[in-house]
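Visitor: Could you have a look at this structure, given as structure tokens, before my questions?
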């Protein structure tokens, strides 16, 4: 497997950018799934104090503990400032969920020298993998694209 993916999924404390107050975003689902898999989740939301029982922080530098990784699921136009903040605090283990990457985002990644997994779904890699993600993982492994 990809060493960047291995590093990410072996981390235990993950900041999450992309959880919504409505509870209807993919980020909310990922938070729940990662919590059930034993990860400590630290949601970052610029306005919310709490979402789904989790304390939220207005930005990465406000998270009260050192996190190992950052998972992002927001529109590409909003990603570069988050990457800049991650770089400023020395956070280099980053996952951009599908849909968060663009050519402009890639320019930021390159300029900041960050280690980023992108164009992949974390739920296909964070163990145990189940449901439709297990099926997708099996298909990708058959074709050597895992």
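Residue numbers (my numbering): 1 to 146. Beta carbons are placed, not taken as given, at the ideal position from N, Cα and C, and that holds for glycine. Computed from a prediction, not measured in an experiment: that's the story for all the values here.
#1: DSSP three-state label for residue 61, please.
#2: Quick check on this structure: which residue in 30, 125, 82 has the alpha carbon closest to the alpha carbon of residue 114?
#3: From 76, 71, 119, pick the residue whose C-alpha is nearest to that of residue 39; which is it?
#4: State the start and end residues of the unbroken beta strand (DSSP E) segment that holds residue 72.
#5: Nearest-angstrom Cα distance between residue 126 and residue 9?
#6: State buried or exposed for residue 46, treating a residue as buried only when at least 16 other CB atoms are found within 10 Å of its CB.
#7: With C-beta atoms as the reference, is residue 16 less than 8 Å away from residue 42?
#8: CA-CA distance, residue 134 and residue 124?
#9: Using a Cβ distance threshold of 8 Å, determine whether the region 16 to 27 contacts the region 59 to 78, with at least three qualifying pairs required.
#10: Helix or strand or just coil, what does DSSP make of residue 42?
#11: Report back the beta-carbon spacing between residue 112 and residue 84 to the nearest angstrom; my notes put them in contact at under 8 Å.
Guide: Reading off the structure:
#1: Position 61 of the chain shown, counting from 1, holds the residue named residue 61. In the structure shown, residue 61 sits in a helix (DSSP, three-state: H, G or I).
#2: Counting from 1 along the chain shown, the entry for residue 114 is found at position 114. When only C-alpha atoms are compared, the closest one is 82.
#3: In the chain shown, counting from the first residue as 1, residue 39 sits at position 39. Measuring from the Cα of residue 39, the nearest candidate turns out to be 71.
#4: Within the chain shown, residue 72 is the residue found at index 72, counting from 1. That run of the beta strand (DSSP E) goes 69 to 72.
#5: Position 126 of the chain shown, counted from the start, is the residue given in the question as residue 126. Position 9 of the chain shown, counted from the start, is the residue given in the question as residue 9. Rounded to whole angstroms, residue 126 to residue 9 spans 6 Å at the Cα level.
#6: Walking along the chain shown from the start, residue 46 turns up at place 46. With fewer than 16 Cβ atoms within 10 Å of its Cβ, residue 46 is classed as exposed.
#7: Along the chain shown, read from residue 1 onward, the residue named residue 16 stands at position 16. Along the chain shown, read from residue 1 onward, the residue named residue 42 stands at position 42. Closer than 8 Å, so yes.
#8: Along the chain shown, read from residue 1 onward, the residue named residue 134 stands at position 134. Along the chain shown, read from residue 1 onward, the residue named residue 124 stands at position 124. Residue placement at residue 134 is flagged as unreliable, the pLDDT there being 49, under the threshold of 50; the coordinate-derived value follows with that caveat. One C-alpha to the other measures close to 7 Å.
#9: yes
#10: Counting from 1 along the chain shown, the entry for residue 42 is found at position 42. In the structure shown, residue 42 sits in a strand (DSSP, three-state: E or B).
#11: For the purposes of this step, residue 112 is taken as the residue at position 112 of the chain shown. For the purposes of this step, residue 84 is taken as the residue at position 84 of the chain shown. Confirmed, about 7 Å.
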